[in-house]
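Just so you know, we're using my numbering here: the sequence shown kicks off at 2 and counts up by one.
Read through the structure below, which is laid out as structure tokens, and then see the notes.
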Amino acid sequence: MPRARVLIQNKPGVFDPEGKVVHTGLERLGHGQVDQVRVGKVIDLHFESGTREEIAAEIDQMCSEFLVNPVIEDYTVEFLDE
Numbered sequence: 002m003p004r005a006r007v008l009i010q011n012k013p014g015v016f017d018p019e020g021k022v023v024h025t026g027l028e029r030l031g032h033g034q035v036d037q038v039r040v041g042k043v044i045d046l047h048f049e050s051g052t053r054e055e056i057a058a059e060i061d062q063m064c065s066e067f068l069v070n071p072v073i074e075d076y077t078v079e080f081l082d083e
């Protein structure tokens with residue numbers, strides 16, 4: 002069963018309030034060496050079948066239609082197995 006992982010993060014320069022909260026919390030716990038934190042989303046998808054090219058095209062469509070806000074977010078796709 003083919004599987005893919007979609008990693009979604011805010012585009013560079015877009016404020017990340019969750020990342021700021023995590024960064025502040027880490028500093029308060031004594032982890033001041035952390036310079037920046039970005040929080041994103043991970044979506045794991047399991048497909049019944051399909052070639053890598055077919056699945057990549059379908060994921061691109063899913064992202065452009067529903068999963069990703071292209072104004073403020075970027076995404077990458079990792080194939081976990083064939």
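Ideal placement from N, C-alpha and C gives every residue a C-beta, glycine not left out.
The structure presented is a predicted model; accordingly, all values stated were derived computationally and were not measured.
| Contact under 8 Å by Cβ, residue 3 with residue 51 | yes
| said: Once the 5 residues before and after residue 76 are set aside, which same chain residues still bring their CB inside 7 Å of it? | reply: 7, 8, 9, 64, 69.
| said: Tell me which residue opens and which closes the beta strand (DSSP E) that residue 42 is part of. | reply: 42-47
| said: Between residue 39 and residue 20, how many whole angstroms is the CB-CB distance? I'm expecting something under 8 Å. | reply: 5 Å
| Beta-carbon proximity list for residue 78, same chain, < 6 Å, skipping 5 on both sides | 5, 7, 60
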